[in-house]
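Residue numbers for the sequence shown follow the working numbering, beginning at 155 and rising by one. Below is one structure; the comments refer to it alone.
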Amino acid sequence: MTFQSPWWLAALLAVAALLGLYVLLQLRRARYAARFTNVALLGSLVPKRAGWRRHVAFGLVTLGLAVLVVSLAQPSTEVRVPRERATVIMAVDVSLSMRATDIEPDRFSAMQQAAKEFVDVLPARINLGLVSFAGTASTLVTPTTDRDQVATAIDNLELAEATAIGDAVFTSLTAITNFQASLEAGGEELPPARIVLLSDGYSTVGREATQAIDAANAAQVPVSTIAFGTDYGTLDLNGETVPVPVDRSTLEEIADDTGGSYSEAATAQELEQVYEDLGSQIGYTTEPQDISPWFVRGGLLFAFLGIVASLLWTNRLL
Numbered sequence: 155m156t157f158q159s160p161w162w163l164a165a166l167l168a169v170a171a172l173l174g175l176y177v178l179l180q181l182r183r184a185r186y187a188a189r190f191t192n193v194a195l196l197g198s199l200v201p202k203r204a205g206w207r208r209h210v211a212f213g214l215v216t217l218g219l220a221v222l223v224v225s226l227a228q229p230s231t232e233v234r235v236p237r238e239r240a241t242v243i244m245a246v247d248v249s250l251s252m253r254a255t256d257i258e259p260d261r262f263s264a265m266q267q268a269a270k271e272f273v274d275v276l277p278a279r280i281n282l283g284l285v286s287f288a289g290t291a292s293t294l295v296t297p298t299t300d301r302d303q304v305a306t307a308i309d310n311l312e313l314a315e316a317t318a319i320g321d322a323v324f325t326s327l328t329a330i331t332n333f334q335a336s337l338e339a340g341g342e343e344l345p346p347a348r349i350v351l352l353s354d355g356y357s358t359v360g361r362e363a364t365q366a367i368d369a370a371n372a373a374q375v376p377v378s379t380i381a382f383g384t385d386y387g388t389l390d391l392n393g394e395t396v397p398v399p400v401d402r403s404t405l406e407e408i409a410d411d412t413g414g415s416y417s418e419a420a421t422a423q424e425l426e427q428v429y430e431d432l433g434s435q436i437g438y439t440t441e442p443q444d445i446s447p448w449f450v451r452g453g454l455l456f457a458f459l460g461i462v463a464s465l466l467w468t469n470r471l472l
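Written out as structure tokens, the structure is:
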């Protein structure tokens, strides 16, 4: 919990002073009573008081005042709300190594399923595009709010040879730039953009990762990467078993140097969780929500209970 006007909390000192004054008066009353030696006569002269109950009544009123003071400081709490707008490009690796079966039923099928769940996780107003890459990278879906279009494109992905991670970033940036240009032409404010890149292997062709990093930083677009697969994946090519481990270092470097996040997924379930987490990070933001009305209600309730208790127990207001 945070406070929008914290200087009002200084008024709690006045409430504390009031409480101190009450305690002081009670101590003085006790001293005066002790000086009156004829206790029997004192009891006949002074009406019977409510004892501890009057302290409870005063305590409730004091607590109510303190809570009302806190309400003046405008307490707020962080709540998660969907982003009104954002542009996300999902770049997925469709190289032949995705046929590896170290992840059930295979890397490619698990990736398709998780990618479609990512589509469903993002809030409806976020524009989502799809880029696939193997030896080259191509934009399959330009940023759109049409989730069915993206899901259909994911179902129709096809595998190809080689892996061009650097080109995937450049193609994603081009898709973002073209989309932003269309927004500017319409006089719209540019929303934040991000690339989510999944790969299971080493980059073998295309531009270097360092070039992609420089381009992403120049465009101020973070790249979040997912290293998908295990170190023990193999691929059968023309009767030869070829190892297809994950290049974690390159993917982590791209994420770290562009301000994105890096994740690893060695199972289909882990990949689904990574996509869900990224969807929450990208699709939602936290905003302060004013909760001072609850403190006003609480303060008034405590004060009302204190006054009622005083009237019932002492037949007077405090």
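Positions of the beta carbon are idealized from the N, C-alpha and C atoms, including for glycine. Source: prediction; values computed, not measured.
Rounded to whole angstroms, what's the CA-CA distance from GLU232 to PHE157? Just pull it up for me. 11 Å
Checklist entry - Between which two residues does the alpha helix (DSSP H) harbouring ALA245 extend? => result It is not in any alpha helix (DSSP H) - ALA245 instead sits in the beta strand (DSSP E) that spans 241–247.
Tell me the start and end of each unbroken beta strand (DSSP E) in the region 291–315 that is at least 3 residues and wholly inside, in chain order.
Runs of the beta strand (DSSP E) inside the region 291–315: 291–298.
Residue burial classification, MET480 (beta-carbon count within 10 angstroms, cutoff 16): In the structure as shown, the chain starts at 155 and stops at 472, and residue 480 therefore has no counterpart that could be examined.
_Pick from SER446, THR388 and ALA211 that is closest to LEU465, judged by C-alpha positions_ = ALA211
Report the residue from SER378, GLU362 and ARG182 whose alpha carbon sits nearest the alpha carbon of GLY320. GLU362
At least three beta-carbon pairs within less than 8 Å, the region 242–256 to the region 164–182: no
Item checked: Residues near THR290 in its chain [Cβ-Cβ closer than 7 Å; skip 5 each side] -> ALA318 and ASP321
query: Are the region 380–394 and the region 346–360 touching by the rule of at least three beta carbon pairs closer than 8 Å?
result: yes
Check your understanding: Can at least three beta-carbon pairs, one atom from the region 215–232 and one from the region 321–340, be found at a separation below 8 Å?
Key -> The region 215–232 is not in contact with the region 321–340.
Please list the terminal residues of the continuous beta strand (DSSP E) segment that includes SER417.
416–419
Next on the checklist: In whole angstroms, give me the CA-to-CA distance for PRO160 and ARG451.
Outcome noted: 19 Å
- Best match in GLN443, ASP444 and GLU426 for proximity to GLN266 [C-alpha to C-alpha]: Ranking GLN443, ASP444 and GLU426 by Cα distance to GLN266 puts GLU426 first.
- prompt: Between which two residues does the beta strand (DSSP E) harbouring ILE349 extend?
  reply: 347–353
Quick one: what's got a C-beta closer than 7 Å to PRO345's C-beta in the same chain, skipping five residues either side? ARG239, ALA240 and THR241
VAL396 versus GLY414 - alpha carbon distance: 31 Å
At the level of alpha carbons, what is the spacing between ILE280 and ILE436? 9 Å
message: In whole angstroms, give me the CA-to-CA distance for PHE456 and LEU217.
response: 7 Å
_Contact the region 291–310 vs the region 269–283: 3+ CB pairs below 8 Å_ = yes
**Message:** For GLN228, which residues in the same chain have their Cβ closer than 7 Å to its Cβ, ignoring the five residues on either side in sequence?
**Reply:** PHE157, GLN158, SER159, ASP444 and SER446
Just the C-alpha distance for ALA339 and PRO277, rounded to the nearest angstrom, thanks.
One Cα belongs to ALA339, the other to PRO277, and the distance between them is close to 25 Å.
- Query: Just the Cα atoms here: how many angstroms apart are SER292 and SER249?
  - Reply: When the Cα atoms are used, SER292 and SER249 turn out to be separated by approximately 13 Å.
- Task: Would you mind working out which of THR412, ILE367, ASP309 and GLY283 sits nearest ASN332, comparing C-alpha positions?
- Result: GLY283
**For ALA339, the three-state DSSP class (helix, strand or coil)** = helix
- Taking DSSP as the reference, what is the three-state secondary structure of GLU394? strand
ask   = In chain order, what residues of the same chain lie with their CB nearer than 7 Å to the CB of SER286, ignoring the 5 residues before and after it?
value = VAL246, VAL248, SER292, LEU294 and LEU311
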